[in-house]
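I have placed the structure first, in the form of C-alpha cells, so that the comments after it can refer back to it.
In our numbering, the protein residues as written are 1050 to 1345.
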C-alpha cells in the first residue's frame, strides 16, 4: 500500500510540525484540531516556518507554494480522515482523550488506513484497543521540532502487523526521517532515557552541583549531546516531562522515577519551558538565558 492522503489530528506544536513534514513529503495533508483557534494557530505556525526558511535562503517561494498546495485545514475529524491512507494523532497525552480520538478515527477512516499515535510514553496497545483494527495501529513518536529532528521512533505492540510497520517505515523514509523500532514498553526507548537524564540534571541543580548552563555544557561538550538535558527539558515542556515520569513510576512501581520537587515547583509556578517563555531558563530572547529558580 502506498501513501497519498494523510490526516493529522491535533494542531499543536507537534501536530503542526508533523503536518508540515507530510506536506513537504508531497502527500495531500489534512490538519484538524478540535479547537478552531488551535487549528488556525497551527496553520500560522507552519506558514511562519516556511517564511523563515525563505528569509534564510534555505528554501524558495516556489517550494513554499508547492508545499502549501498539499496542506489544508479541516474543521471536522470525519472530513479530515475520510480518504486517509495514514492518520497520525497528536493530541495531548491524556489516555481517555487518546481513546476517544482513536475510536472516532476508527469509525470514519477507510478500512485500509494505518493509524499512528505520536504519544511519547502511553501504551500503544491500550490506544489500539479503542479501535476495531488494532493490527493497523502503531506508535509514531516524532521529536520537537519535527521539521528539524531526524529521528522517528516506531513502536509496535503485540498485534501490530508487519504490513503496518513496513508502511510506517516507508513513511519515515519519505519524510526524510531515520526510524528505529522498539517494543511497546513504558517510555519506549527515548522517553525513558531522556526523562531520567533530565530529572537527574534537575536534582543536580537543586543540590548545588553546578549551574544549569554548566551541566548542559558538560553534556554537550563532554558527551557530544546536541543540546543539554535541561535546555531539552525546557524545549519539550516541563509538564510533559513530569507526566512521562509519573507514567513510568506507575508502570514500573518504582520511586526512582519520582519527579524532583524542583520540577514540580517550576510547573506550579507556570514555568513550563520555552512554550511559556520561562522554565529552567528564560527564553524571552528566543535563546536559553540564565534566570532565578523558585524555592522548592
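Ideal Cβ placement from N, Cα and C applies to all residues, glycine included. Note that this is a predicted model, so its numbers are computed, not measured.
Practice item. Please state whether DSSP places residue 1070 in a helix, a strand or coil. Key: Counted from its first residue, the chain shown places residue 1070 at position 21. Here residue 1070 sits in helix by DSSP.
**Study point:** Beta-carbon proximity check, residue 1244 vs residue 1305, cutoff 9 angstroms
**Key:** The sequence position of residue 1244 within the chain shown is 195, counting from 1. The sequence position of residue 1305 within the chain shown is 256, counting from 1. Remark: C-beta atoms of residue 1244 and residue 1305 do not approach each other more closely than 9 angstroms.
Check your understanding: Can you list, in chain order, the residues of its chain whose CB lies under 6 angstroms from that of residue 1108, leaving out five sequence neighbours each side?
Key -> For the purposes of this step, residue 1108 is taken as residue 59 along the chain shown, with counting starting at 1. Excluding positions up to five away in sequence, the list reads 1102.
Review point. Should residue 1186 go down as buried or exposed, given a rule of 16 or more other Cβ atoms within 10 Å for buried?
Key: One-based indexing of the chain shown puts residue 1186 at position 137. Note on residue 1186: 16 or more other CB atoms within 10 angstroms of its CB, so buried under the neighbour-count rule.
Review point. Per the contact definition of three or more C-beta pairs closer than 8 angstroms, is the region 1267 to 1287 in contact with the region 1140 to 1158?
Key: Cβ pair count under 8 angstroms is below three, so no.
Exercise for review: Express the C-alpha separation of residue 1138 and residue 1165 in angstroms, rounding to a whole number.
Suggested key: For the purposes of this step, residue 1165 is identified with residue 116 of the chain shown, where counting begins at 1. For the purposes of this step, residue 1138 is identified with residue 89 of the chain shown, where counting begins at 1. Each residue's alpha carbon lies about 6 angstroms from the other.
Check your understanding: Among 1296, 1262, 1316, 1235, which one has its Cα closest to the Cα of residue 1340?
Key -> Locating residue 1340 in the chain shown gives position 291, where the first residue counts as 1. Residue 1262 is the option with its Cα nearest to residue 1340.
Review point. Between residue 1057 and residue 1074, is the Cβ-Cβ spacing less than 9 angstroms?
Key: Against the chain shown, residue 1057 aligns to sequence position 8. Against the chain shown, residue 1074 aligns to sequence position 25. Result no, Cβ atoms of residue 1057 and residue 1074 do not sit closer than 9 angstroms.
Practice item. Excluding the 5 residues preceding and the 5 following residue 1147 in the sequence, name in chain order all residues of the same chain whose CB lies nearer than 6 angstroms to its CB. Key: Here residue 1147 refers to the residue found at position 98 when the chain shown is read from its first residue. 1176.
Review point. By a C-beta neighbour count over all protein chains shown, 10 Å radius and 16 as the cutoff for buried, is residue 1258 buried or exposed?
Key: For the purposes of this step, residue 1258 is identified with residue 209 of the chain shown, where counting begins at 1. With fewer than 16 other Cβ atoms within 10 Å, it is exposed.
Practice item. Only counting runs of 4 or more residues, tell me where the alpha helix (DSSP H) segments fall wholly within the region 1225 to 1308, in order along the chain. Key: 1239 to 1255, 1261 to 1272, 1278 to 1285, 1287 to 1301
**Study point:** Identity of the residue in 1225, 1298, 1327, 1241 nearest residue 1232 by Cα
**Key:** Counting from one through the chain shown, the residue named residue 1232 turns up at place 183. Cα-wise, what sits closest to residue 1232 is 1241.
Review point. Between the C-alpha atoms of residue 1216 and residue 1128, what's the straight-line distance to the nearest angstrom?
Key: Residue mapping note: residue 1216 aligns to position 167 of the chain shown, counting from 1. Residue mapping note: residue 1128 aligns to position 79 of the chain shown, counting from 1. Going from the Cα of residue 1216 to the Cα of residue 1128 covers about 23 angstroms.
Review point. Which value, in whole angstroms, describes the spacing of the CA atoms of residue 1203 and residue 1209?
Key: Against the chain shown, residue 1203 aligns to sequence position 154. Against the chain shown, residue 1209 aligns to sequence position 160. When rounded, the distance between both Cα atoms is 11 angstroms.
**Study point:** Span of the beta strand (DSSP E), counted from its first residue to its last, around residue 1418
**Key:** This structure does not reach residue 1418, given that the chain is present from 1050 up to 1345, and the question cannot be answered.
Check your understanding: Can you give the Cα-Cα distance for residue 1124 and residue 1082, rounded to whole angstroms?
Key -> Locating residue 1124 in the chain shown gives position 75, where the first residue counts as 1. Locating residue 1082 in the chain shown gives position 33, where the first residue counts as 1. About 7 angstroms.
Exercise for review: Determine which residues share a DSSP beta bridge with residue 1121 and list them.
Suggested key: Position 72 of the chain shown, counted from the start, is the residue given in the question as residue 1121. The partner list for residue 1121 (beta bridge, DSSP) reads 1079.
Review point. Terminal residues of the continuous alpha helix (DSSP H) containing residue 1162?
Key: Position 113 of the chain shown, counting from 1, holds the residue named residue 1162. In this chain, residue 1162 is not harboured by any alpha helix (DSSP H), its DSSP state being neither H nor E.
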